[in-house]
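This report refers to the structure that appears directly beneath it.
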Amino acid sequence: MKPWLNLSLVITLALFAVHEMDAMTHAEWRLLPILSGMEDGAAREAFVLLHIPLFIGVFWIAFFASWKRLGARILSGLTILHAIVHFLLSGHELYTFAAPVETLTVYGAAVSAAAYLGLSFMETSE
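Residue 109 in our numbering sits at position 74 of the sequence shown, with consecutive numbering throughout.
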């Protein structure tokens, strides 16, 4: 089961990373607290730069932390929460994400994260 567990985590991280690239084309910073109140150019730069520590943390937790199983479960839960937030914001006037890219990246990451959680808890119970 471990190859499927690892694959589901890698798919989750890849889809999330691609979503964040897509977020740049949709000015996602305009939907975020703090950044939405900033001048657009400064907010865009802050949005990009904030992803450096975000992805350092995500990759460290997923691949190097001594508690990486717990960390990957937390990341998976946050990925599912992220998809819920996207769903709730989908009616907002500044929300411009659309299928098929949003469906594949945001909701695909959530499905893969749910698979990771299911597989990781099944493996623990064996």
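Every residue, glycine too, gets a C-beta built ideally from N, C-alpha and C.
Below-8 Å beta-carbon distance, residue i vs any chain B residue
| i | result |
| --- | --- |
| residue 112 | Considering every chain present, this structure includes no chain B. It has just one protein chain. |
Rounded straight-line distance, which links the Cα of residue j to that of residue i
| i | j | result |
| --- | --- | --- |
| residue 60 | residue 156 | 36 Å |
| residue 131 | residue 150 | 28 Å |
| residue 118 | residue 88 | 21 Å |
| residue 73 | residue 125 | 22 Å |
| residue 135 | residue 159 | 35 Å |
| residue 58 | residue 100 | 28 Å |
| residue 133 | residue 66 | 15 Å |
| residue 122 | residue 94 | 25 Å |
| residue 128 | residue 37 | 43 Å |
| residue 97 | residue 70 | 27 Å |
| residue 103 | residue 62 | 32 Å |
| residue 90 | residue 45 | 13 Å |
| residue 41 | residue 64 | 31 Å |
Same chain, Cβ closer than 7 Å to residue i, neighbours up to 5 away in sequence not counted
| i | result |
| --- | --- |
| residue 39 | 154 |
| residue 47 | 111, 114, 144, 147, 148 and 151 |
| residue 86 | 55 |
Contact set for residue i: own chain, Cβ-Cβ below 8 Å, skip 5 residues either direction
| i | result |
| --- | --- |
| residue 43 | 147, 148, 150, 151 and 154 |
Can we say the stretch 101-116 touches the stretch 67-80, given the rule of at least three CB pairs closer than 8 Å? no
Quick one: complete alpha helix (DSSP H) runs, 4+ long, within the stretch 74-154? With a minimum length of 4 residues, the continuous alpha helix (DSSP H) runs that stay inside the stretch 74-154 are 75-98 and 103-124.
Closer than 8 Å is the cut-off here; do at least three beta carbon pairs connect the stretch 44-60 with the stretch 138-146? Because the criterion of three Cβ pairs below 8 Å is met, the stretch 44-60 and the stretch 138-146 touch.
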